[in-house]
Amino acid sequence: ATAAIGVTGLGVMGRNLARNFARNGYTVAVHNRTAGRTRALMEVYGDEGTFVPAETPADFVAVLQRPRRLMIMVQAGEATDAVIDEFAPLLEPGDMIIDGGNAHFADTRRREAALRGRGIHFVGTGVSGGEEGALEGPSIMVGGSAEAYDVLGPMFETISAKVGGEPCAAHIGSDGAGHFVKMVHNGIEYADMQLIAEAYDLLRQVAGYTPAEIAEVFSHWNKGRLRSYLIEITAEVLAHTDPVTGVPFVDVVADAAGQKGTGRWTVQTALDLGSPVTAIAQATFARAASGQRDLRAAYSGLPGGTRPPLSRTEAERFTSQVEHALYASKVIAYDQGWKMIQDAAAQYGWKIDLGTVARIWRGGCIIRASFLDRIRAAYAFDRDLVSLLGEMEFAMEITDAQVPWREIIASAARRGIPVPAFSAALAHYDTLRADRLPAALLQGQRDYFGAHTYNRTDCPGTFHTHWTAPERFETTA
Ligand code: NDP
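Everything in the sequence shown is counted per UniProt numbering, starting at 3 for the first residue and increasing by one.
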C-alpha cells in the first residue's frame, strides 16, 4: 500500500482536490464509478504528481496506507450514502472516510454515528472555493473526531489556501460541525451578495450612475474596509460589456437568481435553532422572489414612490452613505451567522473556536476578505464575545453609520426600491438595542387566546389573566 489518501468521485471537485494533494507531494489513489474519468485524469494530469489509479473499490482500498484515508467527492444525499455503503465494508477499525461533498450536517451526524459504531472515523468536511479553490487551495472546515484530525490535519493544512503563512483549514468540532459551518458560510455569502446587489441598485436608481461608474465605485471601495473577493468580482461584472449587444452585461442578464440550496438550509436550520439570521433569510427569499416571474409581471405596474435621480453632488454624498450602510449591514449579517454557529454549538455540544472560523475563511472561500481578520482579532481578544457589536471598533463604526444607514433605507422606501437585506440588518440592530420590544403585547395576545401565560417585569413567577371573566383577574400559573 502506497497511497497517503484516496479520492473517489473524480468530478470537477474530486479531480482538482486529488491533483492538489498530488502536487503537494502526496501519493493519491484515484477512483471513480465510471472508470473513464479515472483514465482521463491519468492521461491529462498524470504527470503532475504520483497517482495510483484504481478501477474497483477493492483495488482502491488495497493501495491505501493504514489507517486508510478515503475521501468521497460525490453529490450530497443518496450518492454519498451509496458510496459509503460500498466502501465501508472494505475498511477496518481506525480507517477514515472523509466526505468533502456539500452534505447537510444532519446527514453527517447520522453517518458519523453509524460508522463510529463500526470503529470507522467519518469526517464530514466542508470544502469551499469551487473548482479553482479545490486545485489552488480551498478553505477546509473539518468535522469528526479530534483523533482523525491529528492524522488528516497536516494534509488538509498543506493543500488549503494560506493567508499570511497560516492555513485556511482547521478542525471545527465533532461530527457535523464542519458541514454546519460550511453551510453558514454559504448563508453569509448569500447575505453579502444580496447587500452588494442592493447597494448597486441604489447607486443605479437613486444616484443615477451607469454600471461602468458603479464598477468604479466598487473598485474604490475594494481599497478600503469593504475589500473582499465579492466586491472585487462585482466591479468586474459591472464593468463588463456584452459583446453581442454592446450594452452593459448586467442589463442583458435575466433578473431571476438561482440557488443550489445551502442558503435555504441555513435558513431552515436557523428556524429550528431559533437563530434570527434575518439578513441571510431575506437574501434567500429575495432570490426566490426574483424568480417569481409571473407574479412580478402581473404586478409590475403597481404604484410606488418615484423621484428623479440625484444631482451629481448629491450623488457623491449618497455614495458615501451607501458605503456606510453596506458596511454596517455586513457587520450585522456576519454577526448573525456567528451567533447561529454559537447557538448550534450549544445545541449539538460542539466546542467551536469562533476566531478559528474567521481565520480559515480569510482565504480560499467566496467570502474571503480582510474584514475577517478583524472578526478573528475580536474573538482572539475575547473568546466568549457574544456579538461583534461588543467589540469596540465595530461598535464605533456602527455608531458612525447610524445616520447614513437610516437615510439610505428611508430614501429607498420613498422611491419604492426594495432593500430587504439592508432593512433586515437595520431592524435586527434596532431590535438588539431596544429597551422594550412589542413582544410584551404578543405575550398578552398569546395569553388571551391560548392561556400561554406571561412573566412580569416587577416580580418573578408565571401568570395568566382570566380575560373572559367579567372582572378580569390575574392568577399565578
Ligand atoms: P460533479 O457533478 O462534477 O461530479 C460528481 C461525481 O460524483 C462524479 O465523479 C460521479 O461519478 C460521482 N457520482 C455521482 N453519483 C454517484 C453514485 N451514486 N455512486 C458513485 N459515484 C457517483 O460534482 P462536483 O465535483 O461539482 O461536486 C462533488 C461534491 O462537491 C458535491 O457534493 C458538491 O456539492 C461538492 N462541492 C462542489 C463545489 C463546486 O463548486 N462544484 C464546491 C464545494 C463542494 P460518475 O463519473 O460515475 O458519474
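Backbone N, C-alpha and C fix where the C-beta goes; we use that ideal spot for every residue, glycine too.
Residues of its chain near residue i, where Cβ-Cβ distance is below 8 Å and the 5 sequence neighbours each way are ignored
| i | result |
| --- | --- |
| Ile411 | Ala327, Val421, Phe424, Ser425 and Leu428 |
| Gly276 | Asp345 |
| Val207 | According to the sequence provided, residue 207 is Gln. The question's Val does not apply to it. Only Pro311, Arg417 and Ile419 meet the Cβ criterion. |
Closer than 7 Å: residue i CB and nearest the ligand NDP heavy atom
| i | result |
| --- | --- |
| Gly103 | yes |
| Gln77 | yes |
| Ala171 | no |
| Gly276 | no |
| Met44 | no |
| Asn22 | no |
| Met15 | yes |
| Ile132 | Sequence check: residue 132 is Gly here, not Ile. Flag set: Cβ of Gly132 near the ligand NDP. |
| Gly11 | yes |
| Asn34 | yes |
| Arg41 | no |
| Ala90 | no |
| Val129 | yes |
| Ala414 | no |
| Ala60 | no |
| Ala31 | no |
| Val85 | yes |
| Tyr163 | The sequence shown places Ala at residue 163, rather than the Tyr named in the question. False, no ligand heavy atom lies under 7 Å from that Cβ. |
| Ala108 | no |
| Ala81 | yes |
Simplified DSSP state of residue i, which is helix, strand or coil
| i | result |
| --- | --- |
| Met98 | strand |
| Arg71 | strand |
| Tyr456 | strand |
| Lys164 | strand |
| Leu478 | The sequence shown places Thr at residue 478, rather than the Leu named in the question. In this structure, Thr478 counts as strand in the three-state DSSP scheme. |
| Ser141 | strand |
| Thr10 | strand |
| Ser277 | coil |
| Leu391 | helix |
| Ala56 | coil |
| Val76 | coil |
| Leu312 | coil |
| Val30 | strand |
| His181 | helix |
| Ser372 | coil |
| Thr470 | coil |
| Leu439 | coil |
| Ala382 | helix |
| Leu154 | helix |
| Leu356 | helix |
| Leu66 | strand |
| Ala426 | helix |
| Ala348 | helix |
| Ala291 | helix |
| Ala20 | helix |
Run of the beta strand (DSSP E) containing residue i, from where it starts to where it stops
| i | result |
| --- | --- |
| Thr127 | His123 to Ser130 |
| His173 | Ala171 to His173 |
Same chain, Cβ closer than 6 Å to residue i, five either side skipped, listed in chain order
| i | result |
| --- | --- |
| Gln196 | Ala285, Ala288 and Ala423 |
| Arg448 | His454 |
| Tyr431 | Ile334 |
| Thr280 | Ala426 and His430 |
| Gln261 | Arg289 |
| Gly102 | Met73, Met75, Thr127 and Val129 |
Own chain partners of residue i with C-beta closer than 7 Å, once the 5 adjacent residues on each side are dropped
| i | result |
| --- | --- |
| Arg295 | Ala258 |
| Arg229 | Ala371 and Ser372 |
| Leu92 | Pro59, Ala60 and Val63 |
| Trp223 | Ile233 and Glu325 |
| Ala241 | Ala214 and Ala217 |
| Tyr151 | Val144 and His173 |
| Met342 | Val186, Ala272, Leu275, Ser277 and Val279 |
| Glu50 | Arg21, Ala24 and Arg25 |
Residue i: first and last residue of the uninterrupted alpha helix (DSSP H) it sits in
| i | result |
| --- | --- |
| His222 | Pro213 to Trp223 |
| Thr247 | No alpha helix (DSSP H) holds Thr247; DSSP gives it neither H nor E. |
| Thr236 | Tyr231 to Ala241 |
| Asp296 | Arg295 to Tyr301 |
| Gly38 | Ala37 to Tyr47 |
| Asp109 | Phe107 to Arg118 |
Any chain D beta carbon closer than 8 Å to residue i
| i | result |
| --- | --- |
| Leu356 | Of the protein chains in the structure, only one exists, and it is not chain D. |
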